[in-house]
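The sequence shown lines up with residues 148 to 426 when you count with my numbering. Report on one structure; see the data block that follows.
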Amino acid sequence: MIQWFPGHMAKAKKEIVAILPLVDIVFELADARIPASSQNPMLAEIIQKKPRLILLTKCDMADSTLTSAWERYFQDSGFGVLAIDAISGYNIKKIIPSAREMLKDKFNKERALGMKVRPIRAMILGIPNVGKSTLINRLVQRRAAAVGNRPGVTRAQQWIRINPNLELLDTPGILWPKFADQTVAMHLALTGAVKSEILSFVDIGEYFLDFFRQYYSKLFISRYKADLNLPNSEITARIVADRGIIQDDYYEKAFEIIINDFQNMRIGRITLDRIQISQ
Ligand code: G4P
């Protein structure tokens with residue numbers, strides 16, 4: 148887990164800014180369950196006018212109605228967007244055509260100037276655990292070397308030719324998430340994007356129970372057979388009792404179970420970052 152300090156952030160930013168002139172487009176990865184919380188707060192400032200294709204990763208774990216709403220939101224904000232599942236391969240084949248479409252004018256201009264047709268050059272950017280290496284491996288269709296969680300990008304960059312239409316920087320750019328906002332921090336901790344030093348299972352779990360009181364209560368009840376109108380102490384006692392767990396810190400243990408179940412998709416498809424659903 149990266150500990151982000153101001154020095155790391157400045158270095159990560161500097162390395163990405165240095166490499167940007169070489170790329171035509173940025174593939175920005177965001178987690179479909181937390182499309183806003185998993186974005187880097189300075190991305191727009193870092194990449195300036197570079198075209199940005201937002202790839203909503205792990206869409207298999209997110210609420211599809213909300214994923215569509217988020218897709219519309221990003222489209223309306225002028226970005227390219229695709230919801231992907233890099234494990235099953237869902238929508239992976241659409242990445243190159245979407246990037247080509249976004250870069251149509253640039254490539255037409257190059258052709259008009261007599262330049263040779265060339266592959267798109269892209270780089271992947273995103274916060275830790277958002278699915279960068281999984282996507283690279285999927286695109287490359289072989290097991291690429293493990294990419295360490297180092298901030299920024301590493302020095303010796305190499306281009307991987309995915310096919311005649313796309314070249315990808317082999318090392319993704321790793322950026323920091325938005326730590327400042329409490330809800331964002333909760334959502335990052337819940338999805339496992341960051342290990343929070345400050346937030347305990349109890350803090351995160353109590354937040355999550357309140358979330359379930361508002362959203363997806365049916366999914367919660369169906370998993371735990373526990374009435375969300377009851378106080379947290381009774382809900383948690385029921386969850387541990389059902390699992391035959393007898394221990395003093397059952398309150399914390401129950402939250403650990405819920406969070407673990409969520410991260411392993413045992414509760415259902417859940418999106419934490421809410422957005423207006425327009426018809
Ligand atoms: P990173 O390079 O951005 O740090 O992320 P990485 O590819 O390592 O992916 C982090 C975890 O997310 C991995 O789980 C990976 O399998 C999972 N993942 C990535 N893309 C998808 C997707 O589209 N759908 C689903 N369901 N999962 C995806 P892991 O190896 O089990 O890691 P962890 O859960 O033990 O941290």
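The beta-carbon is built from N, C-alpha and C at its ideal position, and this holds for glycine as well.
Closest by C-alpha distance to residue i, when choosing among the options
i	options	result
V387	N376, L375, P311, K400	K400
A373	L346, D389, I201	D389
Q288	L315, Q304, V277	L315
D408	G391, N376, I424, F355	F355
P311	V264, E353, E344	V264
M156	E192, D207, W323	W323
Q186	P275, T281, I351	P275
K197	D223, G227, D207, F152	G227
V341	F254, L203, A246, V277	V277
L203	E192, Q222, L167	Q222
S380	F152, Y397, D232, A159	Y397
P378	L167, E248, K158, E353	E353
G225	G273, M249, K241	M249
Rounded separation between residue i and residue j - CA only
i	j	result
I239	Y363	29 angstroms
I368	F359	9 angstroms
I234	K205	8 angstroms
Q195	S211	30 angstroms
E218	I393	45 angstroms
K325	L260	42 angstroms
I243	E175	14 angstroms
T338	E257	43 angstroms
T418	I405	15 angstroms
Q361	I321	33 angstroms
R199	F402	37 angstroms
A292	A384	Any reading at A292 is ruled out, since the residue's pLDDT is 49, under 50, leaving its predicted position unreliable.
L286	G391	44 angstroms
Endpoints, the alpha helix (DSSP H) within which residue i is located
i	result
M154	Before going on, a small fix: residue 154 reads as Gly here, not Met. Unbroken alpha helix (DSSP H) run through G154: 153-166.
L366	364-371
V387	379-389
Whether residue i touches residue j by CB criterion (7 angstroms)
i	j	result
A88	I424	Nothing can be reported for residue 88, as the shown portion of the chain is limited to 148 through 426.
V170	R268	yes
I201	A183	no
S343	A336	yes
L213	P266	no
A209	A179	yes
L366	G415	yes
P319	I271	yes
I351	Y220	no
N317	I307	One point to set straight first is that residue 317 is Asp, not Asn, in the sequence displayed. Yes, the Cβ-Cβ distance between D317 and I307 is below 7 angstroms.
I88	H334	Nothing can be reported for residue 88, as the shown portion of the chain is limited to 148 through 426.
D232	D252	no
Simplified DSSP assignment, three categories, for residue i
i	result
D207	helix
A292	In this prediction, A292 has a pLDDT of 49, which is less than 50 and means its spatial position is unreliable; nothing more can be read from the coordinates.
I267	strand
G352	helix
V331	helix
L337	helix
L213	helix
Extent of the continuous beta strand (DSSP E) to which residue i belongs
i	result
I309	306-310
E314	313-316
D178	172-178
A183	It is not in any beta strand (DSSP E) - A183 carries neither H nor E in the DSSP assignment.
A230	227-230
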